[in-house]
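See below for the structure under consideration.
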Amino acid sequence: MDTSSHRRFKVFLRCEHAERLLSDATERKLCRAEIWRLRLHLAYCRACRRVRRQLDFLRRAAHQLNDQLETGDWSVPGLSDEARARIKRSLEHAD
Amino acid sequence: MRHIAQPTVGSTRSMNDPRQWVEQHGDVLFRFALSRVRNAEVAEELVQETFLAGLAARQDFGQRSLEQTWLVAILKRKLADYLRRTRRSPTANERLREADGGADVERGAKTMSAQSAAWPDDPEAALERAEFWTAFRRCTSKLPAHLADAFWLREVDGLAADEVCQVLGITRANLWARLHRARGLLRECLGWTWSGKGV
Numbered sequence: 001m002d003t004s005s006h007r008r009f010k011v012f013l014r015c016e017h018a019e020r021l022l023s024d025a026t027e028r029k030l031c032r033a034e035i036w037r038l039r040l041h042l043a044y045c046r047a048c049r050r051v052r053r054q055l056d057f058l059r060r061a062a063h064q065l066n067d068q069l070e071t072g073d074w075s076v077p078g079l080s081d082e083a084r085a086r087i088k089r090s091l092e093h094a095d
Numbered sequence: 096m097r098h099i100a101q102p103t104v105g106s107t108r109s110m111n112d113p114r115q116w117v118e119q120h121g122d123v124l125f126r127f128a129l130s131r132v133r134n135a136e137v138a139e140e141l142v143q144e145t146f147l148a149g150l151a152a153r154q155d156f157g158q159r160s161l162e163q164t165w166l167v168a169i170l171k172r173k174l175a176d177y178l179r180r181t182r183r184s185p186t187a188n189e190r191l192r193e194a195d196g197g198a199d200v201e202r203g204a205k206t207m208s209a210q211s212a213a214w215p216d217d218p219e220a221a222l223e224r225a226e227f228w229t230a231f232r233r234c235t236s237k238l239p240a241h242l243a244d245a246f247w248l249r250e251v252d253g254l255a256a257d258e259v260c261q262v263l264g265i266t267r268a269n270l271w272a273r274l275h276r277a278r279g280l281l282r283e284c285l286g287w288t289w290s291g292k293g294v
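The listed protein sequences derive, respectively, from chains A and B. According to my numbering, the first sequence is numbered sequentially starting from 1. According to my numbering, the second sequence is numbered sequentially starting from 96.
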């Protein structure tokens, strides 16, 4: 997966690699080399610092998405009348 | 949230009378299911299964949780069963990207940071806006299904990574790649949506 290991150790990450590490960091422990390279990259790359903030934000928003179920304007219709009647019938039979 | 301190008389009846369920929770459960499976018939089916399972397990429902929260939890389990059965797979293109390990997700294409996504001055305030949530939901609904499944289960429902992998039948590495793709696409989509809107 990491073809760069055969080449010279790369101190400088490309943005897409840094972004991938930022994303992976929520899922796994980055190794020390990754952490240092990422830190270095973020120190000079403003765009990736912004991506980091956006990913954090996205995460927080995602956690709240389910809570929006009750309040949000879903602009999606609810259950159709047929489905409603059918489900009611099935509940009565089961009870 | 209403006053949970007094679940007596009137509310106890409605809390536990399944005949009220369809009217009280049907729409919420249906929209929840629909946002996940993207198919009205399947969503209806899942809602029905949820109510029936709830009915059978009625005595397990304590006063500790709200009825709707309890029903949503059942629906989530039904949904996981459904996903386990169907295992929505990536398209050929998506599969190629995953085989790449997702490291160079969009080779030749612009990376996330190369785009000038309009980022709100005050993201916290954006969370309070209905427009943000509408945009967010629309963007999640545009994700390819297999990415959306991973994103919802892991990020929204907060399932453990192992569970998500087990439900979707994928490896850890697959999951990381899918989450990365999903986040990138969402960011991109939100950026487009926000730009020009002056949020």
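The beta-carbon is built from N, C-alpha and C at its ideal position, and this holds for glycine as well.
Beta-carbon neighbours of A/I35, restricted to chain B and to distances below 9 Å: For this step, residue 35 of chain A is matched to residue 35 along the first sequence. Near A/I35 there are no residues of chain B at all, since even the closest Cβ is about 16 Å away, more than 9 Å.
#### Entry: Residue range of the alpha helix (DSSP H) that includes B/L280
Your numbering for residue 280 of chain B matches position 185 in the second sequence. Where B/L280 is concerned, the enclosing alpha helix (DSSP H) starts and stops at R267 to W289.
Query raised in the report: What do you get for B/W271, buried or exposed, if any count of 16 or more other CB atoms within 10 angstroms of its CB means buried?
Result: Along the second sequence, one-based indexing puts residue 271 of chain B at 176. Buried, by the Cβ-count rule.
* To do: Tell whether a beta-carbon distance below 7 Å holds between A/S80 and B/Q143.
  => As a first step, residue 80 of chain A is located in the first sequence; it is residue number 80 there, counting from the start. As a first step, residue 143 of chain B is located in the second sequence; it is residue number 48 there, counting from the start. Their beta carbons are not under 7 Å apart, which means A/S80 does not touch B/Q143 by this criterion.
Give a yes or no on whether 7 Å exceeds the smallest Cβ distance from A/L58 to chain B. As a first step, residue 58 of chain A is located in the first sequence; it is residue number 58 there, counting from the start. Closer than 7 Å: yes.
Between which residues of its own chain and A/I35 is the CB-CB distance below 6 Å, once the five residues before and five after are set aside? Sequence index remark: in the first sequence, residue 35 of chain A carries index 35 (1-based). If we look at A/I35 and ignore the five residues flanking it on each side, it has no Cβ neighbours.
Along the segment 243 to 272 of chain B, where does the CB come closer than 9 Å to a CB of chain A? Name the residues. F246, W247, R249, E250, V251, D252, G253, A256, R267, A268, L270, W271 and A272
* For A/C15, name the three-state secondary structure that DSSP assigns. => As a working mapping, residue 15 of chain A is identified with position 15 in the first sequence. In the structure shown, A/C15 sits in a helix (DSSP, three-state: H, G or I).
*Does the beta carbon of B/E223 sit closer than 7 Å to a beta carbon anywhere in chain A?*
One-based indexing of the second sequence puts residue 223 of chain B at position 128. Interface annotation, B/E223: not in contact with chain A, CB-CB separation never under 7 Å.
Can B/A277 and B/L222 be called in contact, C-beta distance under 7 Å?
-> Counting from 1 along the second sequence, the entry for residue 277 of chain B is found at position 182. Counting from 1 along the second sequence, the entry for residue 222 of chain B is found at position 127. Not closer than 7 Å, so no.
Is the shortest distance between the beta-carbon of A/L38 and the beta-carbons of chain B less than 7 Å? On the first sequence, position 38 is the one that residue 38 of chain A refers to. So no, A/L38 is outside the interface.
Checklist line | Straight-line Cα distance separating B/L141 from A/R20 | finding: For the purposes of this step, residue 20 of chain A is taken as the residue at position 20 of the first sequence. For the purposes of this step, residue 141 of chain B is taken as the residue at position 46 of the second sequence. Between A/R20 and B/L141, the C-alpha separation is close to 35 Å.
By DSSP, does B/G121 sit in helix, in strand, or in coil? Locating residue 121 of chain B in the second sequence gives position 26, counting from the first residue. Reduced to three states, the DSSP call for B/G121 is helix.
Pick helix, strand or coil for A/V51, following the three-state DSSP scheme. The residue you call residue 51 of chain A lines up with position 51 of the first sequence. When secondary structure is reduced to three states using DSSP, A/V51 falls in the helix class.
Tell me the residue span of the alpha helix (DSSP H) that contains A/T26.
The residue labelled residue 26 of chain A in the question sits at position 26 within the first sequence. It is not in any alpha helix (DSSP H) - A/T26 carries neither H nor E in the DSSP assignment.
Exercise. Could you spell out the range, first to last residue, of the alpha helix (DSSP H) harbouring B/G149?
Key: To locate residue 149 of chain B, count along the second sequence from 1; it is residue 54. A135 to A151 is the span of the alpha helix (DSSP H), which, as asked, contains B/G149.
Exercise for the section: With a 10 Å radius around its C-beta and 16 neighbouring C-beta atoms as the bar for buried, classify B/D244 as buried or exposed. Expected result: Position 149 of the second sequence, counting from 1, holds the residue named residue 244 of chain B. Buried.
- Query: Under a Cβ-count criterion, where at least 16 other Cβ atoms within 10 Å of its own Cβ denotes burial, should B/E139 be classed as buried or exposed?
  - Reply: Sequence index remark: in the second sequence, residue 139 of chain B carries index 44 (1-based). Looking at its Cβ environment, which holds 16 or more other Cβ atoms inside 10 Å, B/E139 is buried.
Whole alpha helix (DSSP H) runs in the segment 209 to 250 of chain B with 4 or more residues, listed along the chain? 218 to 221, 225 to 237 and 240 to 246
ask   = Does B/Q154 come within less than 7 Å of chain A when only Cβ atoms are used?
value = By one-based count along the second sequence, residue 154 of chain B stands at place 59. Interface with chain A (7 Å Cβ-Cβ cutoff): B/Q154 is excluded.
Simplified DSSP assignment, three categories, for B/D112: Looking up residue 112 of chain B in the second sequence gives position 17. Reduced to three states, the DSSP call for B/D112 is coil.
**Asked** In three-state DSSP terms, what is B/F156?
**Response** Position 61 of the second sequence, counted from the start, is the residue given in the question as residue 156 of chain B. Note: B/F156 maps to coil in three-state DSSP.
- Message: Considering Cα atoms alone, identify which of B/N134, B/A152 and B/L129 is closest to B/D112.
- Response: Position 17 of the second sequence, counting from 1, holds the residue named residue 112 of chain B. The shortest Cα separation from B/D112 among B/N134, B/A152 and B/L129 belongs to B/A152.
- prompt: Using CA coordinates, which residue listed in B/A148, B/A128 and B/V123 is at the minimum distance from B/W247?
  reply: Numbered from 1 along the second sequence, position 152 holds the residue referred to as residue 247 of chain B. Residue B/A128 is the option with its Cα nearest to B/W247.
May I ask you to report which of helix, strand or coil DSSP gives A/C45? Counted from its first residue, the first sequence places residue 45 of chain A at position 45. Three-state result, A/C45: coil.
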